[in-house]
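Here the structure is laid out as structure tokens; the discussion comes afterwards.
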Amino acid sequence: MTGTAETADDFLDALAGGLPDVAVVDVRLPPTYRDEGLRAAVEARRRHPGLPVLVLSAHVEHSYALELLSGGGKVGYLLKERVGRVAKFLDALHRVVGGGTAIDSEVIAQLLTRRQRGTELKRLSNREREVLALMAEGQDNTEIAGSLAVSDTAVAKHIRNVFAKLDLQQSEGGHRRVPAVLAYLQGAPR
Numbered sequence: 001m002t003g004t005a006e007t008a009d010d011f012l013d014a015l016a017g018g019l020p021d022v023a024v025v026d027v028r029l030p031p032t033y034r035d036e037g038l039r040a041a042v043e044a045r046r047r048h049p050g051l052p053v054l055v056l057s058a059h060v061e062h063s064y065a066l067e068l069l070s071g072g073g074k075v076g077y078l079l080k081e082r083v084g085r086v087a088k089f090l091d092a093l094h095r096v097v098g099g100g101t102a103i104d105s106e107v108i109a110q111l112l113t114r115r116q117r118g119t120e121l122k123r124l125s126n127r128e129r130e131v132l133a134l135m136a137e138g139q140d141n142t143e144i145a146g147s148l149a150v151s152d153t154a155v156a157k158h159i160r161n162v163f164a165k166l167d168l169q170q171s172e173g174g175h176r177r178v179p180a181v182l183a184y185l186q187g188a189p190r
């Protein structure tokens with residue numbers, strides 16, 4: 001740990017002195033304990049693109065969550081009550097630092113209920129949505145297969161279908177998982 005901050009302003013000021021490997025931010029910070037931490041995380045990513053940020057919250061704060069999550073990889077949003085094991089928290093940290101995402105499935109579910117889904121998302125089967133939600137949590141294909149009690153081959157097929165239905169072409173870097181998750185969260189075609 002390189003530092004702590006009491007307020008959102010303290011957090012942003014600390015970043016000016018040097019960037020950490022990852023910033024772990026509580027959504028609710030003084031003085032109002034509403035969404036200052038989440039707003040600060042969004043601002044930190046705006047000022048320092050690519051800064052790995054893991055947000056912890058007791059509740060899903062819709063106001064800035066999509067903005068934070070739409071900034072690409074190296075981001076996580078976990079609900080405190082659902083991070084029961086240190087290993088799960090450390091796994092999320094490693095995923096975020098490594099360029100991936102770690103988004104609690106409950107966060108996804110709540111954000112989806114507040115967004116109008118696009119026609120491409122409506123074409124996803126229930127199983128494809130389940131696979132996409134587990135992708136958002138940062139699970140790889142083998143972990144998804146274990147979670148859903150299906151084969152790795154079945155997971156790969158569902159992921160190919162998701163990419164095709166969301167019209168996500170293979171990029172230069174070959175990464176389509178983050179855009180797929182973001183399309184799912186935002187309810188907009190990519």
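Heads up: the sequence shown at position 16 corresponds to 16 in full-length UniProt numbering, and the numbers run straight through without jumps. Glycine is no exception: its CB is placed at the ideal position from the N, C-alpha and C atoms.
Worksheet item: Do residue 102 and residue 50 have their CB atoms nearer than 8 Å?
Response: Along the sequence shown, one-based indexing puts residue 102 at 102. Along the sequence shown, one-based indexing puts residue 50 at 50. Contact: no.
Worksheet item: Relative to the alpha-carbon of residue 36, which residue among 96, 149, 104 and 57 has its alpha-carbon at the smallest distance?
Response: Looking up residue 36 in the sequence shown gives position 36. The option with the nearest alpha carbon to residue 36 is 57.
Discussion item. Rounding to the nearest angstrom, what Cα-Cα distance links residue 164 and residue 70 in this structure?
Written reply: Here residue 164 refers to the residue found at position 164 when the sequence shown is read from its first residue. Here residue 70 refers to the residue found at position 70 when the sequence shown is read from its first residue. Their backbone Cα atoms lie some 20 Å apart in a straight line.
Item to complete: Take residue 23 and list the residues in its own chain whose beta-carbon comes closer than 8 Å to its own, dropping the five residues that flank it on each side.
Response: Stepping through the sequence shown from its first residue, residue 23 is reached at position 23. Contacts found: 11, 15, 41, 44, 51, 52, 53 and 54.
Discussion item. Here's the rule I'm using: 16 or more other beta-carbon atoms within 10 Å means buried, otherwise exposed. How should residue 98 be labelled?
Written reply: Locating residue 98 in the sequence shown gives position 98, counting from the first residue. The residue in question, residue 98, is exposed, as its Cβ has fewer than 16 Cβ neighbours within 10 Å.
Worksheet item: residue 176 and residue 168: beta carbons closer than 8 Å?
Response: Indexing the sequence shown from 1 puts residue 176 at position 176. Indexing the sequence shown from 1 puts residue 168 at position 168. Contact flag set, yes.
Practice prompt. Decide if residue 74 is buried, meaning its Cβ has at least 16 other Cβ atoms within 10 Å, or exposed.
Written response: In the sequence shown, counting from the first residue as 1, residue 74 sits at position 74. Here residue 74 is buried, its C-beta having at least 16 other C-beta atoms within 10 Å.
Fill in: As assigned by DSSP and simplified to three states, the class of residue 116
One-based indexing of the sequence shown puts residue 116 at position 116. In this prediction, residue 116 has a pLDDT of 48, which is less than 50 and means its spatial position is unreliable; what the coordinates show is noted afterwards. Correct three-state label for residue 116: coil.
Practice prompt. Rank 133, 18 and 80 by C-alpha distance to the C-alpha of residue 179 and give the top, closest one.
Written response: Counting from 1 along the sequence shown, the entry for residue 179 is found at position 179. That would be 133, whose Cα lies nearest to the Cα of residue 179.
Item to complete: Just tell me which of 130, 21, 76 and 3 has its CA closest to the CA of residue 27.
Response: Mapped onto the sequence shown, residue 27 falls at position 27. Nearest option by C-alpha distance: 76.
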